[in-house]
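Residue numbers (the numbering used here): 100 to 369. For reference, the structure discussed in these notes is given below.
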């Protein structure tokens with residue numbers, strides 16, 4: 100029940116946006132065709148800069164240095180205009196420490212984001228927005244945080260060249276609301292960036308090559324992590340707006356957050 104009340108305000112916001120979207124979706128197709136914003140498909144890790152209506156479920160198997168984790172992640176994105184959308188992201192983590200101290204599970208850091216996009220040409224898009232990381236985790240379990248709020252302004256870019264799509268993302272994470280004086284003293288500014296390529300080798304399927312990275316640009320931790328993900332995403336049925344995907348990630352830097360990561364993904368657009 101405590102976890103529910105932590106995310107209840109976000110559920111209210113999401114519900115309100117959903118109602119607005121349901122009313123306006125009657126006109127969505129006409130708006131999108133005249134907006135000049137190109138449609139770019141989602142990779143496995145990064146987000147498409149295109150505003151969309153959809154539900155996405157990802158399941159991660161993460162082999163970390165000090166634990167094995169399984170993360171069930173539900174994302175909902177709803178357009179509020181032809182050029183803007185709101186996204187709500189709810190991860191739940193199951194953690195099995197390597198020291199044998201016992202398995203734990205908890206909500207991880209839920210995220211609420213506003214994205215605004217602009218089509219530069221028929222094949223190029225730029226986007227920006229603001230993401231809030233909410234204190235829905237539990238510090239005592241080593242899963243997220245139950246006090247820290249992370250404010251992340253971000254920029255996105257996408258381009259289509261024939262069968263190839265490229266997406267780039269850049270965000271700066273500013274932690275706030277730390278309760279512990281030591282946490283406030285050790286406050287880190289985190290840089291996140293992604294670069295993803297999708298190649299449509301057939302009309303219903305695409306191959307994914309993706310880099311996701313994190314770097315501390317202010318603080319005592321000077322680590323920088325870059326991961327490589329290889330995967331496939333495809334639509335089993337042309338008549339159903341459902342995509343199924345999967346991939347494997349590995350760190351390509353000396354610093355690393357995990358040894359390997361397996362991703363399974365379902366995406367339904369409406």
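Virtual Cβ for every residue (Gly too), placed ideally from N, Cα, C.
Asked: Coarse secondary structure for residue 203, derived from DSSP in three states; Found: strand
Asked: Where the beta strand (DSSP E) through residue 256 begins and ends; Found: 248 to 260
Asked: Presumed contact (8 Å Cβ cut-off) between residue 163 and residue 357, rounded CB distance; Found: 5 Å
Asked: Own chain residues within Cβ distance below 8 Å of residue 275, not counting five before or after; Found: 247, 248, 249, 250
Asked: Short Cβ contact (7 Å threshold) for residue 317 with residue 288; Found: yes
Asked: Element boundaries [beta strand (DSSP E), containing residue 213]; Found: 210 to 218
Asked: Selected residue, minimal CA-CA separation from residue 140, among 271, 186, 257; Found: 257
Asked: Nearest-angstrom Cα separation, counted from residue 254 out to residue 204; Found: 32 Å
Asked: Of the residues 238, 230, 149, 265, the one placed nearest residue 273, counting alpha carbons only; Found: 230
Asked: Per DSSP, cross-strand counterpart(s) of residue 176; Found: 153, 186
Asked: Whether residue 171 touches residue 158 by CB criterion (7 Å); Found: yes
Asked: Extent of the continuous beta strand (DSSP E) to which residue 328 belongs; Found: 323 to 333
Asked: Continuous beta strand (DSSP E) stretch holding residue 303: start and end; Found: It is not in any beta strand (DSSP E) - residue 303 carries neither H nor E in the DSSP assignment.
Asked: Pairwise C-alpha distance: residue 236 and residue 208; Found: 5 Å
Asked: Residues bridged to residue 225 (per DSSP); Found: 217, 256
Asked: Burial state of residue 338, where buried means 16 or more other Cβ atoms lie within 10 Å; Found: exposed
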